[in-house]
Amino acid sequence: MKITKALITAAGPDQRKLPLQTLIDRDRTQITVLEILINVIKTAGIDDIGIVIQAEDEKSFKQVLEHNSYSSVRFIHQNKKPGYGRGIKEKPV
48 MKITKALITA AGPDQRKLPL QTLIDRDRTQ ITVLEILINV IKTAGIDDIG
98 IVIQAEDEKS FKQVLEHNSY SSVRFIHQNK KPGYGRGIKE KPV
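Residues in the sequence shown are numbered consecutively from 48, following the numbering used here.
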């Protein structure tokens, strides 16, 4: 079975800003956790990527993504708190 889609969950109340944190990689380059995750997913041959986020965080996530060619990444808003399953059922933005 070939995996063709990936989902990054970033809407949890305690963890939703974690993907936006900047780290220094082994080449001493600043990179966000989100960029690291996306690069690992793309290296695995997966181009269809969704990120479950809170709607009010979209601007921050877009700022990270606009510096790179991550056009295949879609946002999925989790507007209610019952869990990630609710966000996945919503339509991607």
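Just so you know, even glycine gets a beta-carbon here, dropped at the ideal spot from N, CA and C.
Original post:
For E105 versus F122, is the C-beta spacing smaller than 8 Å?
Top reply: yes
**OP:** Give a yes or no on whether the C-beta atoms belonging to D95 and T56 are separated by under 8 Å.
**Re:** no
Subject >> Exposed unless 16 or more other CB atoms sit within 10 angstroms - verdict on Q125 >> reply: buried
**OP:** Name the two residues that bound the continuous alpha helix (DSSP H) containing K127.
**Re:** Run containing K127: none; DSSP gives neither H nor E here.
Original post:
Do T90 and T79 have their C-beta atoms within less than 8 Å of each other?
Top reply: no
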